[in-house]
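So the sequence lines, in the order shown, correspond to chains D and U. Note that the first sequence covers residues 62 to 378 in the working numbering. Note that the second sequence covers residues -7 to 244 in the working numbering. In this text, a Cβ means the ideal position worked out from N, Cα and C, and glycines have one as well. These numbers come from a predicted model, not from an experiment. I have placed the structure first, in the form of C-alpha cells, so that the comments after it can refer back to it.
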Amino acid sequence: MAHDFDLEHPPRSTGASRTVRERVLNYGRSTPLTGVFTYSPEHLRADSPCVVVLNAGVVRKSGPNNLNAFLARQFAHQGFGTFRFDFAGVGDSPNRQDTLPLKQGVLQDVTETLDALESLVGARQFVIVGLCSGADNGLRAARVEARRVVGLAMIDPTVFRTLKWRLVKIANRLGSSDFWTRLVTLRHRMIRVAFDPVLTLLGGARDPVQVVEEPELYNIGLQNRDEIEDCLREVRDDGVALCFAFTGGWAELYNYRNQLYDVYPGLGLKGSVELLYFPAATHTFALAEDRHALATNLLRWLEQIEATSHHRSEAMA
Amino acid sequence: MTLPLFFGASGHELYGVYHPAVAEGHAGRGVVFCNPLPHEAIATQWAFRLLGDSLARERIHSLRFDYRATGDSAGDSDEMLLSGHPADIDYAINELKVLSGVTSVHLVGIRLGALFALEVARARSDVVSVIAWEPVMDGCAYHAELMESATPWRTGYCDVGGLVIAEANFEQIKLLSLPAAIQGVQCRVDLIASPHNPEFEQLGAWLASSALPCRSEIVEDALPWKADSEVGVAPIPAQATRVIKTWLTTSI
Chain D
62 MAHDFDLEHP PRSTGASRTV RERVLNYGRS TPLTGVFTYS PEHLRADSPC
112 VVVLNAGVVR KSGPNNLNAF LARQFAHQGF GTFRFDFAGV GDSPNRQDTL
162 PLKQGVLQDV TETLDALESL VGARQFVIVG LCSGADNGLR AARVEARRVV
212 GLAMIDPTVF RTLKWRLVKI ANRLGSSDFW TRLVTLRHRM IRVAFDPVLT
262 LLGGARDPVQ VVEEPELYNI GLQNRDEIED CLREVRDDGV ALCFAFTGGW
312 AELYNYRNQL YDVYPGLGLK GSVELLYFPA ATHTFALAED RHALATNLLR
362 WLEQIEATSH HRSEAMA
Chain U
-7 MTLPLFFGAS GHELYGVYHP AVAEGHAGRG VVFCNPLPHE AIATQWAFRL
43 LGDSLARERI HSLRFDYRAT GDSAGDSDEM LLSGHPADID YAINELKVLS
93 GVTSVHLVGI RLGALFALEV ARARSDVVSV IAWEPVMDGC AYHAELMESA
143 TPWRTGYCDV GGLVIAEANF EQIKLLSLPA AIQGVQCRVD LIASPHNPEF
193 EQLGAWLASS ALPCRSEIVE DALPWKADSE VGVAPIPAQA TRVIKTWLTT
243 SI
C-alpha cells in the first residue's frame, strides 16, 4: 500500500501504543462522509489489503462498545491499515444530499469510501468487516465491488433457522434450571399464556406491548434466503474470501457451530469459508475477553488472505 | 456542514466534531458539549449532534468531542481516567476558540459530564455558563447504579455496559456530587432535570436560595443515555434540547 499523507490534519498516535496512528478523512462526492484511518507507520505492509469496518446499524463508527475502534487498532498493530466510517446520516456523516434511496445510498457510500482510500492512502485491495446489518450491507457491497474486495467478514449476519436449530433450542431449554424453576413456580411463559384469558376476564391487566420502530437501515440488507445464497455464491466465485462469525447473542437465529452449512447446503461452504462461533459472547462482544478473541481470530484470517493474495500475485508475475 | 477533526496534545489527541455557525451573529458565542460516561455517551451522541446542528442555524458555534480513551479519541477504554476529563474539556474549549474566534463559551454537560463542566468552569474565567443536564447528584448512588451492571474483568478493571473501566475511576465517582461541584463556581448554572429524580426539587430550592444566577427546568423527555448502547438508537429529547436552545440564544 503506497501512502500519501499530505492531508488536512496531522496524524496522531493512540494511547494504547505510540506506533498506532489515526487520521480523520473527510471525503465523498455526493455527500460529505467522515471516517478514521488507523495505521501503524512501523508495521504497515505495503501490499496488505486495507480493512474497512462498516457501521453496525445506526451506531456511530467507533462501534457498539467501541468495538470498531478496538478492532481497527488491533488490526493496525499487525500491519493492516483499517478504516471505520459513518454512512450518510449515521454518526458524524450528514444526511444524504443526493436523491438515492437508502438501499442504493449505502452501496454508493462504500464505493466512494474505497475510491477515497485508493486515492488518499493508496490501497488497492480491501477487506470489509461488518456486524449485524453491517454484515448484510457488506455482502451487498462485496457483490458490486468484487474487483477490489478480497475478503468479507460477516459477524452475526442475517441467517435462517434449521430443524436442528429447533432441536438444539428445545434441548437447551430442557437442560436449563431456569426453565424448570419457572415451570414449578408457575412463572413460565406458557403458563401465563394459558391463564391470560382467565386473568383478562377477571380484570387483570396484560403487560403493555412496546412497539419499537427499527431504523430503516436495519432492514435494507438482504432478507431473502435465496437472494442471500445467490449473493454468497457470486462473491465466493469472484474470489472474495468469506469469514462468518456468530455469537451467543444471535442464539434466537443461530445456536450451533455448523448451522451455516445446514442453512446453505447447496453452497458447499464447508472447507471454503472461515466459520467462527462465540457461544458465550453477546451480539456486540460486550466483554473484553470476547473482543480480544474476535480480533485474534479475524487477524489470523486476514493473514491467510494476505498470504493467498501474495501467492496469486507471484503466480501472475 | 460540520468539521470532524483530531485536536489536543500529541499522542493523546481527542476526536471532535465542530459545528460552525452558519452565519455571523450572537457574537462571541460558542458551546462545548461534555459527554457522560462512555456507555451513556454512545446513545447521547445523536442528541448532541442534533443540538449542534440546531445551534449552528441559530448562529452559535459548537464542538462535541470524545474524552481520551472513549469513542474515536486516542486510547482504549481500559485507559480511560475520569480525572483527565476536565483537562480534555479545557482542550476542547481552547480548540473551539481557535476554530471559531469566540472569546468565551457555554458548557452543556450530561450526567457526570455536567460535574466535569462545573469543575472546569470553576477554574476558567471564559466560561459564561454551565447547563447541567440531569447531573449526577450523588456519586455513591451513581456508583451503586453502575455496579448493578458491572462485570469484573481482569484485576483492577470492570466491564460496565460493555466498556472496560479501571476501578480507580469508581473511587473517584464516589467522591463526586453536584452540590460539591457547584461550590466556588462563579458563572451562571442552569439545570435541566426530569421528574425521574425527585431530589432535584430540593436542589432547585437550594439553587434558588443561593447567590448563583441560575434557571431550572423540569422536562418530560425520555432519557437518551438510558437507551440501549448496543443498538445506538435513542429517543430524541425534544423538550430538553428546546430548553437548551432557548437558554443559549437568550442568555447574556
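On the criterion of 16 or more Cβ atoms from any shown chain inside 10 Å, does residue i qualify as buried, or is it exposed?
{"i": "T75/D", "result": "Only weak support is given to the placement of T75/D: the predicted model assigns it a pLDDT of 47, under 50, and the value that follows is read from those uncertain coordinates. Classification of T75/D: buried, given that the 10 Å Cβ count is 16 or more."}
{"i": "N161/U", "result": "buried"}
{"i": "R151/D", "result": "In the sequence under discussion, the amino acid at residue 151/D is Val, which differs from the Arg named in the question. Buried is the call here."}
{"i": "T147/U", "result": "exposed"}
{"i": "D287/D", "result": "exposed"}
{"i": "A302/D", "result": "buried"}
{"i": "D239/D", "result": "exposed"}
{"i": "V269/U", "result": "The structure shown has nothing for residue 269/U, since chain U only spans -7 to 244."}
{"i": "K89/U", "result": "buried"}
{"i": "K122/D", "result": "buried"}
{"i": "V270/D", "result": "Residue confidence is low: V270/D scores 42 on pLDDT, short of 50, so the model does not pin down where it sits. No coordinate-derived value is stated."}
{"i": "P102/D", "result": "exposed"}
{"i": "M72/U", "result": "buried"}
{"i": "R56/U", "result": "buried"}
Please confirm if residue i has its CB atom under 8 Å from at least one CB of chain U.
{"i": "D153/D", "result": "yes"}
{"i": "R286/D", "result": "no"}
{"i": "L348/D", "result": "yes"}
{"i": "S123/D", "result": "yes"}
{"i": "T143/D", "result": "no"}
{"i": "V97/D", "result": "yes"}
{"i": "V324/D", "result": "no"}
{"i": "F131/D", "result": "yes"}
{"i": "N126/D", "result": "yes"}
{"i": "R134/D", "result": "yes"}
{"i": "D65/D", "result": "The predicted position of D65/D is uncertain, since its pLDDT is 34 and thus under 50; a value taken from the coordinates is nonetheless stated next. Chain U, which has no Cβ nearer than 8 Å to the Cβ of D65/D, makes this no."}
{"i": "T308/D", "result": "no"}
{"i": "T345/D", "result": "yes"}
{"i": "P269/D", "result": "Because the pLDDT at P269/D is just 44, under 50, the model does not fix this residue reliably, and the value given afterwards should be weighed accordingly. Answer no: the Cβ-Cβ gap between P269/D and chain U never drops below 8 Å."}
For residue i, which residues in the same chain have their Cβ closer than 8 Å to its Cβ, ignoring the five residues on either side in sequence?
{"i": "L43/U", "result": "F25, S54, V100, T233, I236, K237"}
Taking the continuous alpha helix (DSSP H) assigned at residue i, which residues delimit it?
{"i": "I231/D", "result": "224 to 235"}
{"i": "E335/D", "result": "Taken as a continuous stretch (DSSP letters only), E335/D belongs to no alpha helix (DSSP H), being part of the beta strand (DSSP E) at 335 to 339."}
{"i": "T(-6)/U", "result": "Element bounds for T(-6)/U: n/a, residue is neither H nor E."}
{"i": "I81/U", "result": "77 to 92"}
{"i": "M215/D", "result": "No alpha helix (DSSP H) holds M215/D; the beta strand (DSSP E) holding it covers 210 to 216."}
{"i": "L155/U", "result": "Looking at the DSSP string, L155/U is not in any alpha helix (DSSP H); the run it does join, the beta strand (DSSP E), is 155 to 158."}
{"i": "P30/U", "result": "30 to 49"}
{"i": "R134/D", "result": "128 to 138"}
Shorter than 8 Å from the beta carbon of residue i to some beta carbon of chain C?
{"i": "V85/D", "result": "Structure shown: chain C not included; protein chains present are D and U."}
Please go through the same chain and pick out, in chain order, the residues whose beta-carbon is closer than 7 Å to the beta-carbon of residue i, but skip the five residues on each side of it.
{"i": "G176/U", "result": "R114"}
{"i": "R352/D", "result": "L128, F131, F346"}
{"i": "L330/D", "result": "L321, Y322"}
{"i": "R204/D", "result": "C292, E295, V296"}
{"i": "R157/D", "result": "T92, A149, G150, G166"}
Under 6 Å Cβ to Cβ from residue i, same chain only, skipping five residues before and after it: list those, please.
{"i": "Y325/D", "result": "E290"}
{"i": "T(-6)/U", "result": "V9, H11"}
Where do the ends of the beta strand (DSSP E) carrying residue i lie?
{"i": "C26/U", "result": "22 to 26"}
{"i": "H53/U", "result": "53 to 57"}
{"i": "S69/U", "result": "Careful: S69/U lies outside any beta strand (DSSP E) and carries neither H nor E."}
{"i": "F307/D", "result": "302 to 308"}
{"i": "R180/U", "result": "180 to 185"}
{"i": "R145/D", "result": "143 to 147"}
{"i": "Y88/D", "result": "82 to 88"}
{"i": "W241/D", "result": "Not the beta strand (DSSP E): W241/D falls in the alpha helix (DSSP H), residues 238 to 245."}
{"i": "S121/U", "result": "119 to 125"}
{"i": "D151/U", "result": "149 to 152"}
Does chain D have any CB closer than 8 Å to the CB of residue i?
{"i": "V235/U", "result": "no"}
{"i": "S208/U", "result": "no"}
{"i": "T36/U", "result": "no"}
{"i": "T95/U", "result": "no"}
{"i": "T241/U", "result": "no"}
{"i": "V9/U", "result": "yes"}
{"i": "W125/U", "result": "no"}
{"i": "V24/U", "result": "no"}
{"i": "G154/U", "result": "yes"}
{"i": "F(-2)/U", "result": "yes"}
{"i": "T143/U", "result": "yes"}
{"i": "G76/U", "result": "no"}
Any chance the CB of residue i is under 7 Å from a heavy atom of the ligand ATP?
{"i": "T80/D", "result": "The ligand ATP is not among the ligands present in this structure, which contains no ligands whatsoever."}
The stretch 165 to 177 of chain D / the stretch 85 to 104 of chain D touching (three or more Cβ pairs under 8 Å): Under the 8 Å Cβ criterion, the stretch 165 to 177 of chain D counts as touching the stretch 85 to 104 of chain D, having at least three qualifying pairs.
Three or more C-beta pairs below 8 Å linking the stretch 216 to 233 of chain D and the stretch 191 to 203 of chain D: Yes, the stretch 216 to 233 of chain D is in contact with the stretch 191 to 203 of chain D.
The stretch 128 to 136 of chain D touching the stretch 57 to 76 of chain U, judged by at least three CB pairs closer than 8 Å: A contact is defined here as three or more CB-CB pairs under 8 Å, and the stretch 128 to 136 of chain D meets this definition with respect to the stretch 57 to 76 of chain U.
Any 3 or more C-beta pairs closer than 8 Å across the stretch 109 to 118 of chain D and the stretch 185 to 192 of chain D: Segments in contact, yes.
Three or more C-beta pairs below 8 Å linking the stretch 140 to 147 of chain D and the stretch 74 to 84 of chain U: Not touching, per the Cβ criterion.
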